[in-house]
Every structure is written in C-alpha cells, then in structure tokens.
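Worksheet: one structure, shown below.
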Amino acid sequence: MSDLISIKGGRDGLRLRLDDAVDWQVLREALSQQLAQKSGFFVGARLMLEIGDRTLSDVQMATLLEIMQQHGVQVESVGATARESRDAARASGLTARPLPRYPEPAVPTAANEHDGMLVTRTLRSGQVLRHHGNITLIGDMNPGAELIAGGSVVVWGRLRGLVHAGALGNAEAVVCALELRPTQLRIAEQITRAPDGAGRNGPETARIEGGQIVVEPWEGSKRG
Amino acid sequence: MARIITITSGKGGVGKTTTTANLGTALAMQGAKVAVIDADIGLRNLDVVMGLENRIVYDLVDVVEGRARLRQALIKDKRLPELCLMPAAQTRDKDAVSPAQMIDLTNQLRQEFDYVLIDSPAGIEGGFRNAIAGADEVVIVTTPEVSAVRDADRIVGLVEAAEKGPPSLIVNRIKPRLVNRGEMLSVDDVLELLAIQLIGIVPDDETIVTSTNRGEAVVYDQSSLAGRAFLNIARRITGENVPFMAITDQQSMFERLFGMFGRRRS
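Those sequence lines, one after another, are chains E and A.
Using the numbering used here, read the first sequence as starting at 1 and increasing by one per residue.
Using the numbering used here, read the second sequence as starting at 1001 and increasing by one per residue.
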C-alpha cells in the first residue's frame, strides 16, 4: 500500500488517512489509483477521511469527494487540523471534526494486515463488517450479510453471506468457517460461488492455490 | 402498565395487518383494553380489515398535527368496547409523521390502554422507523418463504440496532402438506436462521380470506385453525404458557399414511 494513504478499520468504521505533506497533485493521483486498485475493499464503504494538517479549499475538497464517489465510497466525516479544511468540508455538507495538531506521537504506524477485529454476534442480512486486517466472527453470518477483510476471515459459526478476504490484494488470505456456505466467496481478485445443492458438513478452509480458490475440509492433523 | 407492541415484517403481504387485527381482537376478548394503530400512512388497511372504514372521521395525522384530540380519532370496535382503532391518514404519506411524534402519541395512549399494537408498513424506511419509535417490544411476522425470511433477518438487525431488545417471531401461513413433503421451509428452518423467540405458528387457512373481506376478525370463528392460532398467540403475549399447535391437518395425516404404504410396496 502506498505510504501516502493508509486505511484503518475500527469498531466505529473505516478511517482513510491522507498524507498531509506531499504535493496535492501527487496525493490526488495516488488516491485515485489506490481506490481503483482496491475497489473490492472500498465499494459501498462509508468512511471517515483524515486529511491531517493540509489546508484544502472548497474546490479541492469537492474534487476529493468526487474521486471518492466515483469509486463508490461515501465519506461520512472529515477530520482536519486546519480550520479552512473543516469549513470546506462543511461547505460540502459533511460533518467535520478537529484533529489534534500533533497526532498520536507514535505516528504513523501504518495499519497492518495482522491487526484483527473480533466480533461476537449474529451478522444479519444487510449488515457489513469491514476491516483492514483479519476478521474473526463468533456467531452465524446470515445470507445478505457481508464480511470484507484486508486479511483472513474466520467464522466460528455458519458462514452464509458474501465474504471477501484479502480485499486489499493479499492472495495469501484464507477464509475458514465451521460451516462454509457462502453465497459468494472472494479472495483477493478471485471470485467463486458455492456449488448448487447441499455442501459438505463440517469446518472447511478456502484459499488460493494455483490461481484458483480451493475449498478443503479442515483436517487439523495434516497442518503443522 | 401498558405495553406498546409493534408488528412488522420487512416484506409486504405476509400478514402484518391481519395479525394486528386478530391479536388486538383476541387480547380485547380476554378483557384487556387495547388500541390498534395503523402506522401505514397513505396505504391504510387496518380499518378495512376490521370493518371500521365507514366510521373514520379523524386519523393519526390529524391527532399529530393538532386538528383532533386523541379521543376523537379513536374508533370503537363494532363488537368489543375494550378495542379501539387509530386509523392512518389515506391522503398523506409517511413523511407526515416523525418518530418523535409517534413516541409522544404512544405515551399518551399508554395512560388509557393495557396494550397498544402498532401495524407497521412494509419496508425499512421512514414508515418502519416511525412504527418502531414508540415500541417497547417488536413482533416480526414472516411466511416460510426464503425472501420473506431474508427480509425478516434484516429487520431483526435493525430492531436490535434501535435497541428495542430481541424481537419475537410469528411464522404465518404454514402449509402443513408442503412442509410434510419437504417442499416448504419448516418452522425449524426459519428459527435456525433468525434465532429469535417464537411466539406463534399460524397455519394457512382460507377462512382468513373470507373473514378479512367481511371485515371480521377470524378469532371469532372457533372452527378456524388460524383463529385458534391467533388466540394462542394473544395468550402467550399475556404471559400464559400455551403449547404450540401440531402443524398437521387430518388430510395430510392420511396422505402420509398412504405415502408410507406406497413406499413399502415399491
């Protein structure tokens, strides 16, 4: 992932942080490119945009939002240290909040794919979990729900909706579930759907092997 | 202390209005003071199903906008003096009322009734949000069809997000013969997905059509299976422990017997 743009998923949603030092033109191009490349992760997302110390005019803010919209991303709020940027965000009809002028001292620990999110509940139709790292769901996932992870997905329960692991391009990501019956399963760029009719029972793992998604029953002893 | 219960489903045409009318009637038959509210503004039906259409003078929007007092808009049922209907406006739409106004309205009704049942419109938009705004509890109606169950699942998520607590479930229009042949989702299939408390199973029953068209609740009809099912649900709502009816009819019992002989011979 480009250093200029970092993605972070939390319980309160996704955060997209834009570098605040690089030239505006460069940033704009980097953003377009990132969104296009990782479209599987971003389409339909609602996120918080953090532009740091950069001062954006109304026009620049509008351009930014337009780029996001073109890629199916909805910006919910903008965080900025500069008052001008916050005013520009409000002019575009967004909520704006101030960021601390010196953000977390240990900056910028780039969000990494080994981060994880643990959720314990039933994920129902229309509900989406999106995280830049791994997602673990303890509970059932029903048809019509979506799980989108930059890393791997583990469902301790029945997986029955749409799942996308490695949505930021990681082809090493895996999906495993006690009962793997997704309506559609994606890993990185690969897409597959469950075969019609009853599937196998018992835990299974899906991974990419030889450029294809392969689903195998979980056999603990075979794997080190 | 009054209980405000919203009846909703997500998908249209699964029997919300019939359920509201019959549960309201059944609760009133047990002596409770009941108000049923039609929250489906612009597509009002509850008055028709209860046979009260020709008595409407004021409606819910008139009350909310201050043109009528609460008492003026409440229509007494034909048979049961304990049962009242608050009709929806037909010439307005869902935006005529806000969730805050619904909360206010239900709080006023709370003073005078034991149960307030709210008939929600289909969908997940403003009308649905209005209908659950004032609710203490939510009952979800579904039919044993994949699409209806999918929508019910979505509604469960929204009800939980609105912090109304886990909703309870009525499975409507079960066709015993199809279930026995494995051609229809069973109640267990529905429960396995939705994982919420079941409070009623209503068999598919032609008497519903005739009684609805006549504007009479089916719970008056002792011979109707659906009528008995609704009575049972009302008793469960009041806290009684009523066993669930067996989902078989006599015809299907015979069929299963013959089916068994048939299989043995082959």
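For each residue, glycine too, the CB sits at the ideal point set by N, CA and C.
Remember, it's a predicted structure, so these values are computed and weren't measured experimentally.
Check the DSSP bridge columns for residue i and list the partner residues they point to.
| i | result |
| --- | --- |
| threonine 1006(A) | Ile1118(A) and Val1138(A) |
| glutamate 50(E) | Arg17(E) and Gly79(E) |
| proline 98(E) | Ala80(E) |
| histidine 131(E) | Ala149(E) |
| glutamate 179(E) | Arg158(E) |
| isoleucine 1037(A) | Met1086(A) and Ile1118(A) |
| glutamate 209(E) | Gln212(E) |
| arginine 186(E) | His164(E) and Ile191(E) |
| threonine 136(E) | Leu118(E) and Val154(E) |
| methionine 141(E) | Leu123(E) and Leu159(E) |
| glutamine 74(E) | Arg46(E) |
| serine 6(E) | Arg17(E) |
| proline 1081(A) | Answer is none; proline 1081(A) lacks a bridge partner. |
| proline 217(E) | Glu204(E) |
| lysine 1076(A) | Cys1084(A) |
Name the residue from the options whose alpha carbon lies nearest to the alpha carbon of residue i.
| i | options | result |
| --- | --- | --- |
| serine 1224(A) | Val1209(A), Ser1120(A), Gln1090(A) and Arg1235(A) | Val1209(A) |
| arginine 1071(A) | Arg1173(A), Thr1020(A) and Pro1087(A) | Pro1087(A) |
| glutamine 190(E) | Gly202(E), Ile213(E) and Val175(E) | Ile213(E) |
| alanine 171(E) | Gln74(E), Glu209(E), Ala194(E) and Glu66(E) | Glu209(E) |
| alanine 89(E) | Leu49(E), Pro143(E), Gly116(E) and Pro195(E) | Leu49(E) |
| glutamate 1125(A) | Arg1055(A), Ala1039(A) and Asn1180(A) | Ala1039(A) |
| valine 1061(A) | Arg1044(A), Ile1004(A) and Val1049(A) | Arg1044(A) |
| alanine 194(E) | Trp218(E), Leu162(E), Gly202(E) and Leu168(E) | Leu162(E) |
| arginine 86(E) | Asn201(E), Ser57(E) and Arg181(E) | Ser57(E) |
| glutamate 1240(A) | Val1219(A), Leu1027(A) and Ile1056(A) | Leu1027(A) |
| arginine 271(E) | Arg54(E), Gly144(E) and Ala188(E) | Residue 271(E) lies beyond the residue range present for chain E, which begins at 1 and ends at 224; the question has no answer from this structure. |
| glycine 267(E) | Val215(E), Met141(E), Thr120(E) and Val174(E) | This structure cannot speak to residue 267(E), because chain E is shown only from 1 to 224. |
| arginine 124(E) | Tyr1115(A), Thr1017(A) and Leu1158(A) | Leu1158(A) |
| glutamine 1111(A) | Thr1212(A), Met1001(A), Ile1174(A) and Thr1238(A) | Met1001(A) |
| leucine 1178(A) | Pro1144(A), Thr1006(A) and Ser1211(A) | Pro1144(A) |
| glutamate 1206(A) | Gln1197(A), Arg1173(A), Arg1181(A) and Val1187(A) | Arg1173(A) |
| alanine 1162(A) | Asn1130(A), Leu1191(A) and Ser1186(A) | Asn1130(A) |
| leucine 178(E) | Glu216(E), Gln60(E) and Asp20(E) | Glu216(E) |
| isoleucine 1237(A) | Val1014(A), Leu1080(A), Leu1023(A) and Leu1194(A) | Leu1023(A) |
| aspartate 1059(A) | Leu1085(A), Gly1051(A), Leu1080(A) and Ile1005(A) | Leu1085(A) |
| arginine 83(E) | Ser152(E), His71(E) and Arg54(E) | Arg54(E) |
| proline 143(E) | Val1190(A), Lys1164(A), Asp1204(A) and Ile1004(A) | Val1190(A) |
| isoleucine 135(E) | Gln60(E), Asp3(E), Leu99(E) and Gly9(E) | Gly9(E) |
| tryptophan 156(E) | Thr81(E), Gly139(E) and Thr192(E) | Gly139(E) |
| aspartate 1047(A) | Phe1128(A), Met1029(A), Arg1214(A) and Glu1065(A) | Arg1214(A) |
| asparagine 1180(A) | Val1218(A), Ala1246(A) and Val1242(A) | Ala1246(A) |
| phenylalanine 1244(A) | Tyr1115(A), Thr1142(A) and Val1202(A) | Val1202(A) |
| phenylalanine 1113(A) | Val1063(A), Asp1093(A), Gly1182(A) and Gly1031(A) | Gly1031(A) |
| glutamine 74(E) | Ala45(E), Ala36(E) and Leu99(E) | Ala45(E) |
In the DSSP assignment, the beta strand (DSSP E) including residue i goes from what residue to what residue?
| i | result |
| --- | --- |
| serine 125(E) | Here serine 125(E) belongs to no beta strand (DSSP E), and DSSP marks it neither H nor E. |
| glycine 245(E) | Nothing about residue 245(E) can be read from this structure; chain E reaches only from 1 to 224. |
| aspartate 40(E) | First, the amino acid is wrong: residue 40(E) is glycine here, not aspartate. Looking at the DSSP string, glycine 40(E) is not in any beta strand (DSSP E); the run it does join, the alpha helix (DSSP H), is 39-42. |
| glycine 1200(A) | 1197-1203 |
| serine 1168(A) | 1168-1174 |
Pull up the CB-CB distance for residue i and residue j, whole angstroms please, since I reckon it's below 8 Å.
| i | j | result |
| --- | --- | --- |
| alanine 1089(A) | alanine 1100(A) | With 8 Å as the limit, alanine 1089(A) and alanine 1100(A) do not qualify as a contact, their Cβ atoms being about 18 Å apart. |
| glycine 1010(A) | aspartate 1151(A) | 3 Å |
| glycine 13(E) | leucine 47(E) | 6 Å |
| lysine 1033(A) | glutamate 1082(A) | 5 Å |
| isoleucine 1007(A) | isoleucine 1118(A) | 7 Å |
| alanine 1122(A) | glycine 1200(A) | Alanine 1122(A) to glycine 1200(A), Cβ: 20 Å. No contact. |
| leucine 1194(A) | valine 1146(A) | About 12 Å; that fails the 8 Å criterion. |
| valine 153(E) | alanine 165(E) | 5 Å |
| leucine 147(E) | leucine 129(E) | 5 Å |
| glycine 40(E) | alanine 167(E) | 5 Å |
| lysine 1076(A) | glycine 1127(A) | No, lysine 1076(A) and glycine 1127(A) are not in contact; Cβ-Cβ is about 26 Å, not under 8 Å. |
| serine 1021(A) | methionine 1050(A) | Correcting the residue identity first, residue 1021(A) is alanine in this sequence and not serine. The Cβ separation is near 5 Å, so the contact holds. |
For the alpha helix (DSSP H) that residue i lies in, which residues bound it at each end?
| i | result |
| --- | --- |
| alanine 1229(A) | 1225-1237 |
| glutamate 1206(A) | 1206-1214 |
| glycine 1127(A) | 1126-1133 |
| isoleucine 1056(A) | Careful: isoleucine 1056(A) lies outside any alpha helix (DSSP H) and carries neither H nor E. |
| valine 1187(A) | 1187-1194 |
| proline 1099(A) | 1099-1110 |
| threonine 63(E) | 58-70 |
| serine 1147(A) | 1146-1161 |
| arginine 1071(A) | 1070-1073 |
| alanine 1096(A) | Here alanine 1096(A) belongs to no alpha helix (DSSP H), and DSSP marks it neither H nor E. |
| glycine 1024(A) | 1016-1029 |
| leucine 1046(A) | 1046-1049 |
Verify the contact flag: residue i, CB atom, against every heavy atom of the ligand ATP, threshold strictly below 7 Å.
| i | result |
| --- | --- |
| isoleucine 1037(A) | Ligands are entirely absent from the displayed structure, and the ligand ATP is therefore not among its contents. |
Specify whether the stretch 1120-1135 of chain A and the stretch 1068-1084 of chain A touch according to this definition: at least 3 beta carbon pairs, one from each stretch, less than 8 Å apart. no
Cβ contact check for the stretch 1137-1144 of chain A and the stretch 1163-1171 of chain A: 3 or more pairs under 8 Å: Result yes; three or more Cβ-Cβ pairs closer than 8 Å.
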